[in-house]
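Shown next, in structure tokens, is the structure this report addresses.
Residue numbers (UniProt numbering): 1 to 150.
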């Protein structure tokens with residue numbers, strides 16, 4: 001460390017990034033956040049950049065990226081000067097396709113639930129045995145293309 005006791009303590013980082021201490025430690029263990037420097041007394045001291053990294057991780061998660069995908073994006077960003085591309089654009093396009101498919105699926109689910117409510121379906125087993133049952137049991141049992149169900 002260039003100067004003794006420079007940096008942010010854990011509580012300052014968590015407050016600034018809006019995460020809890022367990023999340024901070026978990027991201028360290030996963031390698032998403034670099035191991036911080038320590039004071040002579042053993043207190044962790046993080047660079048200001050740690051707050052930005054935590055905010056990036058949480059934002060990426062809200063956008064639908066898994067922690068593994070976030071780790072890959074962070075790794076690519078660290079090496080972008082050598083490769084020239086951090087990969088976000090292609091990954092964002094792929095994630096958008098996934099999100100649009102989930103939205104389509106949710107719209108189908110919403111419609112089926114509205115139909116079940118409007119039909120007065122009160123008992124799932126009884127409803128499933130009726131020819132007029134609005135719930136798409138057969139459709140829901142079929143996996144999407146490329147999806148494995150066990």
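Glycine included, each C-beta is placed from N, C-alpha and C at the ideal position.
Three-state class that DSSP yields for residue i in the structure shown
i	result
residue 29	helix
residue 9	coil
residue 149	Because the pLDDT at residue 149 is just 49, under 50, the model does not fix this residue reliably, and the point stays unresolved.
residue 73	helix
residue 49	helix
residue 35	coil
residue 2	For residue 2, the predicted structure reports a pLDDT of 45, less than 50, and the residue's modelled location is therefore unreliable. The matter cannot be settled from this model.
Cβ separation of residue i and residue j, assumed to be a contact under 8 Å, to the nearest whole Å
i	j	result
residue 19	residue 54	6 Å
residue 134	residue 115	3 Å
residue 39	residue 45	6 Å
residue 48	residue 21	At roughly 18 Å, the Cβ-Cβ gap does not stay under 8 Å, so residue 48 and residue 21 are not in contact.
Residue i, enclosing alpha helix (DSSP H) - first and last residue
i	result
residue 93	88-119
residue 124	124-128
Burial state of residue i, where buried means 16 or more other Cβ atoms lie within 10 Å
i	result
residue 117	exposed
residue 59	exposed
residue 14	buried
residue 11	exposed
residue 64	exposed
residue 109	exposed
residue 57	buried
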